[in-house]
Amino acid sequence: MKNKILSVLLVMSILAVPVLMSGCTDSSQTTNSDNNPTEESSSEQTLTLGEMWDIENIDPASAGTVICEKAAVTETLVAANPDFSLEPGLAITWEQVDNLTWRFDLRQDVSFHDGSMMTAEDVKFSLERTMNENPRVKSMSAIDSIRVIDDHTLEIKTTETNPILAGVMHYPDTSIISENSLDEDGNFVKPIGTGPYSFESFNEQTRVLTVVKNENWWGGSVGLDKMVLKGMPDPNTRAMAIENGELDFTVDVPYSETDRIDAIEGINVEKYSTPRVYKMDTNLEDEALSDVRVRKAISYAINRDDIVEHVLYNVGSPAAGPFLPSMTWANKDLKPYEQDLDKADELLSQAGWTDTDGDGIRDKDGTPLELELLTYAARPGLPPMSETIAAQLKDVGISVSPKVLEWGAISDKRESGNWDLVLAAYNIAMVPDPFYVLNNWYTSNGPDNTPGYSNAEVDALVEEAKYIRDLDKRYEKFNQVEEIVYEEQPKILIAYYGCAIVKKDSVKNYVFDPTAHDYRINAGMYIAQ
Amino acid sequence: MTGKIFRRKDMTISILLLALLVVVAISYPLLALSDPNAIDLTNKNLAPSAEHPLGTDYLGRDILNRLAAGTTTSLSIAAGVSAISLFVGVLIGCISGYYGGIIDETLSRIIDIFLSFPGIVFALAIMGFLGGGVINLILALSVVHWAKYARLMRGQVLSIKENEYVLSAKIIGAGDFHIMRKHLIPNSVATVIILATIDIGHVLLSIAALNFLGIGLPADIPEWGAMLSAGKEFMRTSPYQTIFPGMAITMVVIIFSIIGEGLRDIFDPNDTGGEYL
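Shown next, in the form of structure tokens:
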């Protein structure tokens with residue numbers, strides 16, 4: 001028996017030798033290539049960045065968030081301040097000449113990475129190309145035609161009055177590239193932009209994007225010599241990669257690990273709010289939910305502070321209106337609904353929902369108050385949030401069963417009308433202007449008005465505000481819309497989304513840009529030796 | 001028979017543990033101690049303590065309470081799946097083996113088709129089609145599991161039906177149904193039941209696997225696989241919420257394997273059914 005075991009072990013160890021040896025060579029090769037940047041770092045500053053999505057595409061017309069915001073290769077005509085007000089980017093000034101016409105004056109000192117100067121022709125080329133490639137930008141901008149007036153002046157005609165056109169020009173997919181980014185047949189080769197970093201290489205197999213310093217950036221000096229962007233879609237992988245030194249900078253490690261990682265020597269975690277909100281749509285076709293008192297009771301039953309602290313680990317903040325309070329146009333008078341079980345109980349009783357059979361669940365005319373809460377797992381905060389909301393609503397006698405489905409399955413259910421509540425995380429500043437979100441979410445024909453909400457006053461206010469060019473008056477109308485939907489709660493807002501920036505202590509001068517879609521790399525960021 | 005069972009220490013222990021689990025599974029919903037979904041956010045991710053013997057999960061729910069509630073879910077689904085697949089499998093296998101000819105050919109090919117799919121992928125596809133929920137989960141897993149019982153039953157019936165007592169029954173004019181009920185099934189079912197016993201462990205694993213993948217039960221029904229899956233994000237900060245459900249799954253699978261193996265040895269006429277540890 002013993003001999004048998006010994007011989008088995010012997011055979012196994014012989015078999016294992018080549019495996020182990022091949023393992024050795026493999027790992028030594030990868031360490032070599034990984035070490036290359038660090039070896040050079042004595043003379044050259046290289047930052048390795050763990051990106052939250054796989055990098056599949058380097059065309060800024062469709063992958064603007066990576067190329068423009070995260071790799072800083074391209075830039076947009078319009079930039080934005082942290083309060084989402086617009087400021088000059090590649091364009092110095094712009095104005096709406098008449099209802100359908102906009103004029104943009106471009107900076108004159110901007111050159112592309114290939115040395116050529118940026119002209120109005122390049123801007124026209126880039127914008128027209130983006131319209132063709134990207135239907136979302138096409139519909140947001142409503143551009144009819146673009147005319148070059150001189151080398152640095154453009155005139156844009158829109159198909160309808162579009163006061164948010166300047167805001168759309170902040171959207172990363174509209175960033176400007178040189179015509180040389182395409183080959184002779186018009187196929188996209190590589191992004192030649194104007195940003196602080198220029199494109200060096202993209203490995204389609206490993207999906208690693210490398211960019212290097214642009215010595216001639218119009219905006220001044222650039223911090224890093226080189227930046228290597230690696231797509232790592234799994235939060236746990238990103239956490240381990242920055243812990244073992246493979247990365248210098250990453251975002252969104254699992255929320256529950258932010259404190260543990262922050263405590264590690266040499267790594268720090270910073271938490272910010274980003275323009276995205278966790279919201280729960282209510283189906284207004286449902287008999288119970290069509291009653292505003294039931295919707296408000298649900299809002300009063302939810303403890304937003306607890307959700308932010310214990311489910312999101314403070315990566316985010318409680319939500320009142322659809323806009324971050326830091327946004328210049330947000331209605332700052334709105335405060336998040338505070339949990340108030342007595343008020344919820346009062347509202348539900350008024351609406352006729354009481355627990356007559358003593359089973360802990362309210363009922364009305366023999367029907368128990370049972371709702372299904374659908375959500376999806378792609379954003380890690382959603383499933384535990386749905387379970388928490390279900391437990392909190394049970395305390396006021398509403399039975400909620402949370403279900404985690406694929407987004408496609410949720411869309412199918414919504415289209416068939418067979419749903420009660422959907423918890424999702426939506427972007428709230430695709431374009432830095434309140435029109436886009438308020439129109440899409442709350443007007444009767446809004447494309448994202450899944451609850452089926454219809455309020456003539458809201459429709460009229462949005463339509464009226466759409467054409468007002470004076471920003472104060474414009475925002476005042478939109479503030480009224482925010483106030484109405486805050487009272488009526490067709491969409492129950494839970495919390496603003498957060499972003500956890502995780503970086504080594506040696507990474508200095510990083511400035512978080514809340515207007516970016518996930519995060520933006522700023523030119524001034526550098527590595528301290 | 002009982003003597004044979006209790007002469008084996010491994011089986012005795014396994015059966016006692018199984019009995020304990022069954023008691024928990026049956027009594028848990030009746031006792032209604034506390035809501036396994038009730039959250040306590042300030043006491044989340046706790047290590048085991050006197051108050052929470054197995055700690056708490058990411059929403060502050062007591063892990064022991066949820067594991068106990070999960071026993072009811074897991075065992076009742078596993079029992080349902082085994083019962084349905086056993087019934088369908090025995091019936092189809094028996095008909096196929098007894099009648100032979102074209103009926104056998106047809107049924108055997110159908111069995112082959114069902115056996116040719118990889119189980120978990122097949123179940124995933126069915127769940128995708130039917131949607132989540134307890135009943136759908138039982139149906140999906142039954143569709144996956146019945147074919148192997150049918151295959152085994154058919155083999156048993158093929159050898160038994162040539163026995164003289166079956167031929168004599170035919171000669172005195174007994175009907176097909178009578179022969180199946182009185183002779184074929186009683187004489188072959190022991191083997192199938194052994195397979196079913198071992199298979200319950202596999203069914204439990206499949207339930208856990210489907211829930212781990214997030215395609216099974218709604219999030220408010222406590223289930224071991226779903227607990228394991230939800231806890232994996234917290235593995236490095238509070239590992240207890242994955243360790244304990246994982247141990248529970250492992251333990252039940254081992255229990256059913258030992259009982260199934262033991263039964264096989266006991267039914268084996270060449271085995272004395274003695275000490276095996």
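Residue numbers (the numbering used here), protein chains in the order written: chain A, 1 to 529; chain B, 1 to 277. Beta carbons are placed, not taken as given, at the ideal position from N, Cα and C, and that holds for glycine.
- Per DSSP, A/M327 lies in no alpha helix (DSSP H) segment and is marked neither H nor E.
- Distances from the alpha-carbon of A/D513 to those of A/I527, A/W217, A/N57 and A/G498 put A/G498 closest.
- Annotation: the continuous alpha helix (DSSP H) that includes A/L382 extends over L382 to K394.
- The residues A140 and V143, in chain order, have a CB closer than 7 Å to that of B/I126 in the same chain once the five nearest residues on each side in sequence are set aside.
- For A/R260, the chain B residues whose Cβ falls inside 9 Å of its Cβ are R236 and T237, in order along the chain.
- A/M227: member of the beta strand (DSSP E) spanning K226 to G231, first to last residue.
- In the DSSP assignment, A/E155 falls within the beta strand (DSSP E) that extends over T153 to T158.
- Proximity of B/G216 to chain A, defined by a Cβ-Cβ separation below 7 Å, is not satisfied.
- Around the beta carbon of A/P233, a 10 Å sphere encloses fewer than 16 other beta carbons of the protein chains shown; the residue is thus reported as exposed.
- For A/Q108, the closest of A/V148, A/L90 and A/Q489 by C-alpha to C-alpha distance is A/L90.
- Taking C-beta atoms under 8 Å as the contact rule, A/M385 and A/I307 qualify, at a distance of about 6 Å.
- For B/A47, there are no C-beta contacts with chain A under 7 Å, since the nearest C-beta of that chain is about 15 Å from it.
- Shown in chain order are the members of the segment 54–84 of chain B whose Cβ falls below 7 Å from a Cβ of chain A: Y58 and L59.
- Contact between the segment 351–366 of chain A and the segment 246–264 of chain A is absent, with fewer than three C-beta pairs closer than 8 Å.
- Think of a sphere of 7 Å around the beta carbon of B/A38: the chain A residues whose beta carbon falls inside it are A391, in chain order.
- Residues are counted here when their Cβ sits less than 7 Å from a Cβ of chain B; for the segment 402–422 of chain A these are P402, K403 and V404, given in chain order.
- By the Cβ neighbour-count rule, A/T46 is buried, with 16 or more other Cβ atoms within 10 Å of its own.
- Not flagged as an interface residue toward chain B: A/P336, since no C-beta distance is shorter than 7 Å.
- Non-local beta-carbon contacts of A/K503 in its own chain, meaning distances under 6 Å to residues more than five positions away in sequence, involve F249 in chain order.
- In the same chain as A/F84, and ignoring 5 residues on each side of it, the C-beta atoms closer than 7 Å to its own belong to M327, T328, A429, P432 and T515, in chain order.
- B/G97 is a Cβ neighbour of B/L158, given a cutoff of 7 Å.
- The Cβ of A/S399 sits no closer than 7 Å to any Cβ of chain B.
- Taking B/I249 as the centre and dropping the five residues before and after it, the same chain places the C-beta of A208 and W224 closer than 6 Å to its C-beta, in chain order.
- At the C-beta level, B/L228 and B/P239 stay beyond 7 Å of one another.
- The beta carbon of B/E233 falls within 7 Å of a beta carbon belonging to chain A, placing the residue at that interface.
- Around the C-beta of B/M247, fewer than 16 other C-beta atoms lie within 10 Å, and the residue is accordingly described as exposed.
- Exposed is the label assigned to A/A377, since fewer than 16 other Cβ atoms lie within 10 Å of its Cβ.
- The DSSP-derived three-state label of A/E69 is helix.
- In the structure shown, the three-state DSSP call for A/N203 is strand.
- C-alpha of A/R295 to C-alpha of A/A456: approximately 19 Å in a straight line.
- The three-state secondary structure of A/P172, taken from DSSP, is helix.
- At a cut-off of 7 Å between beta-carbon atoms, B/L30 makes no contact with chain A.
- Cβ neighbours of B/D104 within its own chain (closer than 8 Å, five residues either side excluded): S96, G97 and R154.
- When beta bridges are read from the DSSP output, B/I135 appears opposite no residue.
- Chain order gives the chain B residues near A/P383 as A219 and A230, where near means a beta carbon separation below 8 Å.
- Per the Cβ contact rule, the segment 187–195 of chain A is in contact with the segment 111–118 of chain A (3 or more Cβ pairs under 8 Å).
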